[in-house]
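Note sheet for the following structure.
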Amino acid sequence: MAASAVNRADLLQRQGFYPPPPGASEIPGLECSGVISEIGENVEGLRVGDQVCALLAGGGYAEKVAVPWQQVMPVPDGVPLAEAAALPEVACTVWSMVFMAARLRKGETLLVHGGASGIGTMAIQLAKAFGSSVLVTAGSAEKVQRCLDLGADEGVNYREEDFAERFRGRADVILDIIGAKYLAGNLDALAIGGRLTVIGMQGGTRGELDLGTLMAKRGTVHGAGLRTRPVDDKGVICRGVTENVWPLVAAGAVRPVVHATVPMEDAAQAHRLLEQGEHIGKILLTR
Numbered sequence: 001m002a003a004s005a006v007n008r009a010d011l012l013q014r015q016g017f018y019p020p021p022p023g024a025s026e027i028p029g030l031e032c033s034g035v036i037s038e039i040g041e042n043v044e045g046l047r048v049g050d051q052v053c054a055l056l057a058g059g060g061y062a063e064k065v066a067v068p069w070q071q072v073m074p075v076p077d078g079v080p081l082a083e084a085a086a087l088p089e090v091a092c093t094v095w096s097m098v099f100m101a102a103r104l105r106k107g108e109t110l111l112v113h114g115g116a117s118g119i120g121t122m123a124i125q126l127a128k129a130f131g132s133s134v135l136v137t138a139g140s141a142e143k144v145q146r147c148l149d150l151g152a153d154e155g156v157n158y159r160e161e162d163f164a165e166r167f168r169g170r171a172d173v174i175l176d177i178i179g180a181k182y183l184a185g186n187l188d189a190l191a192i193g194g195r196l197t198v199i200g201m202q203g204g205t206r207g208e209l210d211l212g213t214l215m216a217k218r219g220t221v222h223g224a225g226l227r228t229r230p231v232d233d234k235g236v237i238c239r240g241v242t243e244n245v246w247p248l249v250a251a252g253a254v255r256p257v258v259h260a261t262v263p264m265e266d267a268a269q270a271h272r273l274l275e276q277g278e279h280i281g282k283i284l285l286t287r
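This is the structure in structure tokens:
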């Protein structure tokens, strides 16, 4: 292992609210980068000594990790090995939810909540690279500006302005990390035929949905995560990322955004940084 990265799921697991799926390592860490030291049977396209990054169900904070080969991806050209640990979770989440599930198309508009987060910074760059417009919410003027610097077209500081009023009826796809608290506002922001994708529940798990409005807008609501998906499903996502996202990373059109790099032995400090909510992009843990 060269590096891992901190995700909000790690905080929840530490607090006892998000245990790993059956059979997965109980050590935290949902992504990593490193060098292959051993290969099992029937492994395709990988060799001992390859520099790779991987999507994990757990174990990213360990010294070594065993990973299903389907979830292992090459390090994109031009990306340092440790920095590659910032990519798997965000790239696979955005690719699977925004492009595979919600089918964002060129010329459409994506609304990203938490635009300055690791997932948000990846979503902004990928949507722009594929020819879409991007709206964002973020928790400060500085964060909004960083999102604009990454390519977002318009941003709202949610502490000062109602995103639903600003973006009413404009979002073809919404990538939401908040959940229940934003449900009504997201419905207002959806365009006709819009697709709401929920990947987080920071704002609660239960809310009311106006089905009349949803039907009038011919909208859809989709919720999913990565951690508990079957290996074959994760493999499909990882192949899609390798084929469609990595060339953009290699070309410099998309890049990992790293807020801080923390030694693995100081993982507690990395958790505190994430909990403070002032970060922009990813927080890496390196060995």
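Note that UniProt numbering has the sequence shown beginning at 1, numbered continuously upward.
Note that the Cβ used here is the ideal one computed from N, Cα and C, for glycine as well.
Inter-residue spacing [alpha-carbon to alpha-carbon] between residue i and residue j
i, j, result
"Ile192", "Val173", "10 Å"
"Gly204", "Ala224", "15 Å"
"Glu265", "Ala5", "13 Å"
"Phe99", "Val241", "10 Å"
"Ala66", "Pro230", "16 Å"
"Pro74", "Glu38", "15 Å"
"Leu30", "Asn7", "7 Å"
"Gly120", "Ala101", "17 Å"
"Leu183", "Thr109", "18 Å"
Residue from the options whose Cα sits closest to the Cα of residue i
i, options, result
"Leu11", "Ile177, Leu273, Leu148", "Leu273"
"Ile36", "Pro28, Arg47, Glu26", "Arg47"
"Gly40", "Tyr61, Pro68, Gln15", "Pro68"
Within 7 Å, strictly: CB atoms of residue i and residue j
i, j, result
"Ala57", "Ala24", "yes"
"Ala82", "Ala3", "yes"
"Ile178", "His113", "yes"
"Pro76", "Val249", "yes"
"Cys238", "Gln51", "no"
"Pro256", "Leu87", "yes"
"Val258", "Gly281", "yes"
"Gly118", "Ala138", "no"
"Ala129", "Ala253", "yes"
Limits of the beta strand (DSSP E) - the one that residue i falls within
i, result
"Met73", "72-74"
"Asn157", "154-157"
"Thr220", "220-223"
Residue i - containing alpha helix (DSSP H), residue span
i, result
"Arg8", "8-14"
"Ile124", "118-129"
"His279", "Here His279 belongs to no alpha helix (DSSP H), and DSSP marks it neither H nor E."
"Thr109", "Here Thr109 belongs to no alpha helix (DSSP H); instead the beta strand (DSSP E) covers 109-113."
With a cut-off of 8 Å, do at least 3 Cβ pairs link the segment 195-204 to the segment 124-140?
-> Three or more beta-carbon pairs separated by less than 8 Å are not found between the segment 195-204 and the segment 124-140, which leaves the two stretches without contact.
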